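If you count by my numbering, then the sequence shown holds residues 156 to 691, one letter each, in order.
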Amino acid sequence: MFKQKNQQALLVLYEINILEADFTLASRVLKSIHPSILKQAEMQILMFYQQAVQKANIDVHSQQSKDGLNILTDTLFEIYKNYPPLCGSATSYYMGTGDDIVRAYEVAKRCVEEWPNAEIYCNLGLICINPQINRVKEAITYLTKGLDICSDGDVEYGLKSNLLTAFIKDKNWPEAIKLGEELVRDKPSNLNYHNYAELLKSTGQYDGAIEWCKKALFLVEDDCTLLTLADIYKRNAKYQDAIDTYLLCLSSQENNNNCLTFIDENGDDMYSVASNTSIDSIKLEAFKGLIHASVQLKSYDKAKAYMVLGKELLGEQDEWEIWESVIPTLDNFSQAYDEAKAIIEETTNQAKTQTNYFKQWAASLMQLQGNSQYINLNESDNWAEFEAQMDLILEEMKKVIVNHSALYSSIEAQIISQYPHLDSDSKEFLITANILYDIHKNSFIDFAPIIVEYSKVVEKRLRILLEGRIPSNKKMLGEIIGEIDSHSIVPYNAYLGDLRSVNQLRRNSAHTGRLAKTDADNMRNILFTNGLLNRL
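Encoded structure:
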């Protein structure tokens with residue numbers, strides 16, 4: 156006879172082992188529990204296993220942890236066979252940390268055969284799209300079945316996103332376009348924007364594909380979208396842009412520890428399965444792209460250097476032999492090798508300053524800019540309303556400043572030292588703009604809010620300096636510039652060229668994706684290099 160109290164103690168020990176990530180010991184404990192107790196506690200046991208899988212898929216995991224989860228998963232299948240809840244959790248494990256897409260396919264397929272449900276159909280469709288499985292027609296069937304029985308909005312979104320990818324791979328352009336337009340309209344997200352960019356790329360609409368890639372990267376800077384964008388640049392013979400973006404792709408992977416974690420629009424933790432399970436294939440594509448673009452630029456020493464670096468990182472690949480036959484024989488490429496290695500390291504270090512989570516403010520910005528096309532943004536009517544909403548977005552951006560207190564103190568001291576004549580509000584606008592620029596200067600974002608913050612420094616200074624010289628109701632920058640011009644107000648009429656450039660950059664903030672880092676640099680040149688701030 157077994158003692159119930161002892162068996163309950165073993166269950167508690169199992170849970171402790173799971174919490175401490177000692178999965179091998181947890182497996183041994185399970186084998187010591189009586190079958191009747193295992194049956195009674197199956198939901199409790201599997202719930203802790205599910206939590207272990209979710210944590211392992213999000214956190215950085217060791218080989219020891221992975222080996223332990225493999226043993227635990229096998230033990231659970233010995234006990235519970237093809238019990239659907241176990242199959243569901245095991246599918247997530249093999250798609251993520253377990254890194255066994257074939258096993259994930261087998262387990263998920265058994266699961267839906269015994270327990271048809273939308274969530275597993277969603278995963279199974281994604282699995283079938285994977286190049287190792289490559290059963291696209293089968294993916295479409297599973298995803299369609301999932302949509303037929305789905306009653307959960309988030310799962311429906313996942314099913315449709317995966318179905319779009321399946322349609323693209325199947326070259327079913329009419330269905331892909333219809334579904335893609337629906338998803339980017341109704342469910343803005345990094346995934347949907349990326350998939351829509353892939354669709355446009357596949358149909359040769361490269362300008363549109365670049366625009367949607369950048370929208371996806373405004374939200375989350377992920378390796379998959381960076382790879383897509385680099386490939387588009389390469390196809391358009393923009394080889395230096397391609398090289399820069401392939402390097403960012405590699406740096407994104409290094410900084411995210413093989414697993415991209417971010418916050419989605421609903422506030423839930425998410426992770427990139429593609430980054431986790433396909434990282435080596437993505438790295439290989441990035442190195443191939445670097446080699447190809449370098450060859451096109453006739454930088455054969457750089458091409459050779461990237462090939463050797465790729466071989467060192469990824470080992471022998473058939474592609475290296477192909478490139479060996481293409482790249483001219485070089486006696487010495489050590490300098491190019493050192494430079495290429497240094498560039499990769501520098502790009503990786505720059506990317507460390509970027510935040511790898513869903514940028515809610517970026518989603519709000521795109522929505523605001525999208526709505527701005529329906530309103531008249533003349534200085535006299537709706538601009539103040541637009542800028543008030545932009546200020547709310549700036550408040551969201553400013554929340555990250557608390558994590559950069561040292562940078563804030565440094566920039567604050569610099570502004571106080573160099574521009575002591577500025578009033579307190581203008582100083583605060585300038586400090587905010589400078590720190591946000593510094594944080595995001597290596598990032599794929601729309602710099603519109605940062606440029607608006609810079610323009611507010613100019614607008615605020617002119618209001619103070621021209622008080623009593625222009626009508627009190629002329630408060631917007633464009634209106635103030637108009638008064639300076641029409642009444643030849645000195646000395647400010649001598650600065651009209653720079654003032655108009657500042658105002659035009661500000662007004663361009665109303666257009667989606669219009670303002671890039673180069674525009675922010677232009678604004679900073681006007682303020683700092685040309686000396687406009689010193690004259691205000």
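Where is the CB? At the ideal position from N, CA and C, for every residue including glycine.
Computed from a predicted structure; not experimentally measured.
- With distances taken between CA atoms, LYS292 lies nearest to ASN327 out of ALA273, LEU402, ARG258, ASN327.
- Every alpha helix (DSSP H) of 4 residues or more that sits fully in the segment 554 to 615 is shown, in chain order, as 560 to 573, 579 to 595.
- Residue burial is scored here from C-beta neighbours: HIS595 has at least 16 other C-beta atoms within 10 angstroms and is therefore classed as buried.
- In this structure, DSSP gives GLU175 a state outside helix and strand, which the three-state scheme calls coil.
- Residues of the same chain with a CB within less than 7 Å of the CB of GLY444, apart from the 5 flanking positions on each side, are ALA385, ASP386, LYS389, ALA397, TYR401 in chain order.
- In terms of CA proximity to GLN472, PHE442 leads the group THR484, ALA495, PHE442, ASP486.
- Assignment of ILE625 by DSSP, reduced to helix, strand and coil, places it in the strand class.
- In this structure, SER480 sits away from TYR461, with a CB-CB distance that is not shorter than 8 Å.
- When DSSP states are grouped into helix, strand and coil, ASN347 belongs to the helix group.
- Take the alpha-carbon of ASP578 and the one of ILE556: they are about 21 Å apart.
- Where GLU476 is concerned, the enclosing alpha helix (DSSP H) starts and stops at 473 to 481.
- For secondary structure counted as the alpha helix (DSSP H) over 4 or more consecutive residues, the segment 225 to 288 holds these complete runs in sequence order: 239 to 250, 256 to 269, 273 to 284.
- Secondary structure at SER519: helix, using DSSP grouped into helix, strand and coil.
- Just so you know, the alpha carbons of ASP640 and VAL657 end up roughly 15 Å apart.
- Sixteen is the threshold: when 16 or more other Cβ atoms of the shown chains lie within 10 Å of the Cβ of MET678, as they do, the residue is buried.
- In this structure, the CA atom of ARG265 is about 30 Å from the CA atom of ILE437.
- Residue ranges of uninterrupted alpha helix (DSSP H) with 4 or more members, entirely inside the segment 358 to 387 and ordered along the chain, are 361 to 374.
- Here the segment 555 to 575 makes no contact with the segment 482 to 500; the two share fewer than three CB pairs at distances below 8 Å.
- The straight-line gap separating the alpha-carbon atoms of HIS447 and ALA458 is approximately 7 Å.
- Residues LYS457, ALA460, TYR461, LEU464 of the same chain have their beta carbon placed closer than 7 Å to that of ALA495, with the five preceding and five following residues left out of the count.
- In the structure shown, the three-state DSSP call for ILE548 is helix.
- By the neighbour-count definition (other C-beta atoms within 10 Å, threshold 16), ARG616 is a buried residue.
- A direct Cα-Cα distance of roughly 14 Å separates THR383 from TYR394.
- Straight through space, the alpha carbons of SER244 and LEU688 are spaced by roughly 59 Å.
- The beta carbon of VAL184 sits closer than 8 Å to those of LEU165, LEU168, TYR169, ASN172, all from its chain and outside the five residues before and after it, given in chain order.
- DSSP, reduced to helix, strand and coil, places CYS404 within a helical segment of the structure shown.
- Pairing LEU354 with GLY335, the inter-Cα distance amounts to about 8 Å.
- Spanning the alpha carbons of ARG340 and ASP435 requires a straight line of approximately 33 Å.
- Under the three-pair Cβ rule at 8 Å, the segment 226 to 238 counts as touching the segment 182 to 200.
- DSSP places VAL450 in the uninterrupted alpha helix (DSSP H) bounded by 434 to 451.
- In the DSSP annotation of this structure, the continuous segment of the alpha helix (DSSP H) that includes SER656 starts and ends at 651 to 662.
- A Cβ-Cβ separation of about 17 Å leaves ALA294 out of contact with ILE304 under the 8 Å criterion.
- Sorting ARG624, GLU269, PHE602, ARG618 by C-alpha distance to the C-alpha of LYS630 places ARG618 at the top.
- Contact annotation: SER598 and GLU376 have beta-carbon atoms nearer than 8 Å.
- Nearest in C-alpha terms to GLN205, of all of GLN218, THR246, GLU175, is THR246.
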